[in-house]
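Trainee: First the structure, which I've put down as structure tokens, then a few questions once you've had a look.
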Amino acid sequence: MISVRDDLAELEGYHSPQVTVDVRLNTNESPYPPPAAWREAFLEELATVPFHRYPDRGAGALRTAIGELHGVGPEQVLAGNGSNEVIQALCLAYGGPGRSVAVFEPTYALHSHIPRITGTGVAAGERGDDFTLDPTEVARVVGEAQPAITFLCSPNNPTGVIDGPEVIEAALAAAPGLVVVDEAYGQFTSTSALSLVADDRPLVVTRTFSKTWSMAACRLGYLIAPAGIVAGAERAVLPYHLDAATQIAGRLALRFTAEMEARVTSLVAERERLAGALAALPVDTWPSGANFVLFRPRNVDGPTVWKGLVERSVLVRDCSSWPRLEGCLRVTVGTPAEDDAFLSALREVLA
Ligand SMILES: *Cc1c(COP(=O)(O)O)cnc(C)c1O
Numbered sequence: 026m027i028s029v030r031d032d033l034a035e036l037e038g039y040h041s042p043q044v045t046v047d048v049r050l051n052t053n054e055s056p057y058p059p060p061a062a063w064r065e066a067f068l069e070e071l072a073t074v075p076f077h078r079y080p081d082r083g084a085g086a087l088r089t090a091i092g093e094l095h096g097v098g099p100e101q102v103l104a105g106n107g108s109n110e111v112i113q114a115l116c117l118a119y120g121g122p123g124r125s126v127a128v129f130e131p132t133y134a135l136h137s138h139i140p141r142i143t144g145t146g147v148a149a150g151e152r153g154d155d156f157t158l159d160p161t162e163v164a165r166v167v168g169e170a171q172p173a174i175t176f177l178c179s180p181n182n183p184t185g186v187i188d189g190p191e192v193i194e195a196a197l198a199a200a201p202g203l204v205v206v207d208e209a210y211g212q213f214t215s216t217s218a219l220s221l222v223a224d225d226r227p228l229v230v231t232r233t234f235s236k237t238w239s240m241a242a243c244r245l246g247y248l249i250a251p252a253g254i255v256a257g258a259e260r261a262v263l264p265y266h267l268d269a270a271t272q273i274a275g276r277l278a279l280r281f282t283a284e285m286e287a288r289v290t291s292l293v294a295e296r297e298r299l300a301g302a303l304a305a306l307p308v309d310t311w312p313s314g315a316n317f318v319l320f321r322p323r324n325v326d327g328p329t330v331w332k333g334l335v336e337r338s339v340l341v342r343d344c345s346s347w348p349r350l351e352g353c354l355r356v357t358v359g360t361p362a363e364d365d366a367f368l369s370a371l372r373e374v375l376a
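Sequential numbering of the sequence shown, starting at 26, is according to this note's numbering.
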């Protein structure tokens with residue numbers, strides 16, 4: 026029997042354990058569903074879909090609506106099955122054998138996992154002790170590796186740290202290829218690289234409907250970039266990759282931007298309450314610009330805390346085996362009741 030490619034055989038899969046618990050705070054989803062009015066509009070339009078026909082291959086209406094949200098034309102938008110598919114399209118089109126990407130650890134595992142799946146090399150730089158990214162380190166790594174794609178992530182997953190404009194400028198100044206800023210959590214903070222996207226800059230910003238839009242079940246993400254870069258990435262997506270239901274779901278979601286912003290505002294307030302409560306416990310935390318908080322228990326090791334929480338029906342992300350994150354766990358901001366359940370379970374585990 027044939028075995029998989031040698032380089033894939035060495036690669037571990039990407040998994041977040043899905044354990045059945047009452048309180049799930051492990052994958053940074055929204056604790057709130059999208060508005061009931063969105064669901065009604067979606068189901069109504071779904072009933073009119075000609076299901077025997079392929080969907081709109083170019084996802085024109087959806088791309089136009091996303092473009093309007095950001096003040097750009099549809100030719101500057103590429104939508105996919107989650108922003109992960111968009112990142113995969115970038116790696117297939119601009120990476121591949123003989124090419125590399127640059128990432129800065131600790132960061133989102135898929136920024137190196139997806140390149141590896143596509144046969145692209147990975148050069149890893151380091152964030153500082155406080156997990157901020159030094160522009161000099163960006164210039165050093167990018168200068169040495171000459172990557173086809175440089176990945177930044179702001180706010181960064183799993184640290185929550187925001188990269189300042191000087192980091193993006195340093196990457197753009199040094200990079201021979203694309204600079205991709207992953208803004209999966211972009212709406213949770215006031216800084217964004219979106220306004221820097223311009224025809225004469227190889228800058229790409231990715232966003233997702235999975236977090237702030239409360240639509241993780243739909244698998245929808247997109248990138249904003251100069252039209253030429255979008256056209257290049259589009260060469261690597263499969264025909265009709267984005268199904269009709271997802272296109273409708275995303276287009277209709279954009280009618281409820283105010284509701285999304287209200288959910289984000291309340292989650293940011295709840296994040297500050299959660300961070301404040303954690304600060305009173307024997308754990309180290311890092312300031313977060315996203316909908317999660319990274320923390321490191323001082324006296325109990327990470328896996329023990331993770332297991333103790335699961336025994337109390339609370340699931341968080343155990344990051345303790347990730348590069349540079351010994352002993353760390355990441356908790357997603359939930360509803361106030363979920364966060365209280367997490368906090369009281371954590372107090373018991375640490376006692
Ligand atoms: C959650 C997350 C995504 C979202 O991926 P989707 O495929 O859109 O669900 C992308 N980037 C980062 C950094 C994330 O944390």
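Each residue gets a CB set at the ideal place from its N, CA and C atoms; glycine is no exception.
1) Looking at the unbroken beta strand (DSSP E) that takes in Leu-267, where does it start and where does it end?
2) Let's test the definition: count the other Cβ atoms within 10 Å of the Cβ of Pro-20 and tell me whether it reaches 16, buried, or not, exposed.
3) Quick one: what does DSSP say Val-230 is sitting in, helix, strand or coil?
4) Compute every distance between the C-beta of Ala-241 and the non-hydrogen atoms of ligand 1, then say whether any falls below 7 angstroms.
5) Taking its Cβ as the centre, do 16 or more other Cβ atoms sit within 10 Å of Asn-181, making it buried, or is it exposed?
6) Using only the heavy atoms of ligand 1, determine whether one of them is closer than 7 angstroms to the beta carbon of Ser-369.
7) Any heavy atom of ligand 3 within a distance shorter than 7 angstroms of the CB on Ala-209?
8) Is any heavy atom of ligand 1 found at a distance shorter than 7 angstroms from the C-beta of Asn-51?
9) Taking the alpha carbon of Ala-84 as the point to measure from, which residue in Gly-275, Val-147, Leu-334 has its own alpha carbon closest?
10) For a test of your reading of the model: does the CB of Asn-324 fall under 7 angstroms from any non-hydrogen atom of ligand 1? Yes or no.
11) Considering only the alpha carbon of each residue, which of Arg-298, Tyr-265, Ala-34 lies closest to Pro-80?
12) Checking 8 angstroms against the spacing of the C-beta atoms, do Gln-171 and Thr-143 come in under that value?
13) Taking 8 angstroms as the threshold (C-beta atoms), are Thr-214 and Ser-108 in contact?
14) Entirely within the segment 139-191 and at least 3 residues each: give me those beta strand (DSSP E) ranges in chain order.
15) Cβ atoms of Arg-244 and Thr-271: under 8 angstroms apart, would you say?
16) Sorted by chain position, which residues of the same chain lie with C-beta nearer than 7 angstroms to Gly-153's C-beta, five sequence neighbours on each side aside?
17) Would you mind giving the Cβ-Cβ distance between Val-374 and Gly-327, rounded to the nearest angstrom? I have them listed as a contact below 8 angstroms.
18) Given a cut-off of 8 angstroms, decide if Ile-193 and Leu-219 are closer than it, judged by their beta-carbon atoms.
19) Going by CA-CA distance only, name the one from Gly-168, Tyr-133, His-136, Ala-127 that's closest to Gly-150.
20) Taking the alpha helix (DSSP H) that Ser-235 belongs to, which residues open and close that run?
21) How would you call Ser-235, buried or exposed, if buried means at least 16 neighbouring beta carbons within 10 angstroms?
22) Using the rule of at least 16 other Cβ atoms within 10 Å of the residue's Cβ for burial, across every protein chain shown, is Asp-224 buried or exposed?
23) Assuming contact is defined by CB atoms lying nearer than 8 angstroms, are Glu-54 and Ala-241 in contact in what I supplied?
24) With DSSP run on the structure shown, which of helix, strand or coil describes Leu-340?
25) Roughly how many whole angstroms lie between the Cα atoms of Val-308 and Arg-323?
26) How big is the Cα-Cα spacing for Val-10 and Gly-98?
27) What span of residues does the beta strand (DSSP E) with Val-126 cover, start to end?
28) Is DSSP giving Arg-49 helix, strand or coil here?
Mentor: So, from the data block:
1) Taking the sequence shown and counting its residues from 1, one reaches residue 267 at position 242. Unbroken run through Leu-267: none, as it is neither H nor E.
2) Since the first and last residues shown for the chain are 26 and 376, residue 20 lies out of range.
3) Here residue 230 refers to the residue found at position 205 when the sequence shown is read from its first residue. Three-state result, Val-230: strand.
4) One-based indexing of the sequence shown puts residue 241 at position 216. Answer for Ala-241: yes, Cβ within range of ligand 1.
5) The residue you call residue 181 lines up with position 156 of the sequence shown. Counting Cβ neighbours within 10 Å, Asn-181 comes out buried, since at least 16 surround it.
6) On the sequence shown, position 344 is the one that residue 369 refers to. Ser-369: no, Cβ never under 7 angstroms from ligand 1.
7) Within the structure as shown, ligand 3 is missing, the only ligands being ligand 1.
8) Looking up residue 51 in the sequence shown gives position 26. No, the Cβ of Asn-51 stays beyond 7 angstroms of every heavy atom of ligand 1.
9) Counting from one through the sequence shown, the residue named residue 84 turns up at place 59. Cα-wise, what sits closest to Ala-84 is Gly-275.
10) Locating residue 324 in the sequence shown gives position 299, where the first residue counts as 1. Answer for Asn-324: no, Cβ out of range of ligand 1.
11) Here residue 80 corresponds to residue number 55 of the sequence shown, with the count starting at 1. The shortest C-alpha separation from Pro-80 is found at Tyr-265.
12) The count along the sequence shown starts at 1 and reaches residue 171 at position 146. The count along the sequence shown starts at 1 and reaches residue 143 at position 118. Taking 8 angstroms as the cut-off, the Cβ atoms of Gln-171 and Thr-143 do not count as close.
13) What you label residue 108 is simply residue 83 of the sequence shown in a count that begins at 1. What you label residue 214 is simply residue 189 of the sequence shown in a count that begins at 1. No, the pair does not count as a contact, with Cβ atoms beyond the cut-off.
14) 146-151, 174-178
15) Reading the sequence shown from its first residue, position 246 is the one you call residue 271. Reading the sequence shown from its first residue, position 219 is the one you call residue 244. For Thr-271 and Arg-244, yes; Cβs fall inside 8 angstroms.
16) As a working mapping, residue 153 is identified with position 128 in the sequence shown. Counting only Cβ-Cβ distances below 7 angstroms, and skipping sequence neighbours, we find Asp-159.
17) Walking along the sequence shown from the start, residue 374 turns up at place 349. Walking along the sequence shown from the start, residue 327 turns up at place 302. Actually they do not touch by this definition, with Cβ atoms about 11 angstroms apart.
18) In the sequence shown, residue 219 corresponds to position 194, counting from 1. In the sequence shown, residue 193 corresponds to position 168, counting from 1. In this structure, Ile-193 does not lie closer than 8 angstroms to Leu-219 by Cβ.
19) Against the sequence shown, residue 150 aligns to sequence position 125. Distances from the alpha-carbon of Gly-150 to those of Gly-168, Tyr-133, His-136, Ala-127 put Ala-127 closest.
20) Looking up residue 235 in the sequence shown gives position 210. First-last for Ser-235: undefined, no H or E at that position.
21) The residue labelled residue 235 in the question sits at position 210 within the sequence shown. A residue is called buried once 16 or more other Cβ atoms fall within 10 Å of its Cβ, and Ser-235 is buried on that count.
22) Taking the sequence shown and counting its residues from 1, the one referred to as residue 224 is at position 199. Asp-224 should be labelled exposed.
23) For the purposes of this step, residue 54 is taken as residue 29 along the sequence shown, with counting starting at 1. For the purposes of this step, residue 241 is taken as residue 216 along the sequence shown, with counting starting at 1. Yes.
24) Indexing the sequence shown from 1 puts residue 340 at position 315. Three-state DSSP puts Leu-340 in a strand.
25) Your numbering for residue 308 matches position 283 in the sequence shown. Your numbering for residue 323 matches position 298 in the sequence shown. Between Val-308 and Arg-323, the C-alpha separation is close to 5 angstroms.
26) Within the shown structure, residues of the chain are numbered from 26 to 376, placing residue 10 beyond reach of any answer.
27) Translated into positions along the sequence shown, residue 126 becomes position 101. Residues 125-130.
28) Within the sequence shown, numbered from 1, the residue matching residue 49 stands at position 24. DSSP places Arg-49 in strand when its eight states are reduced to three.
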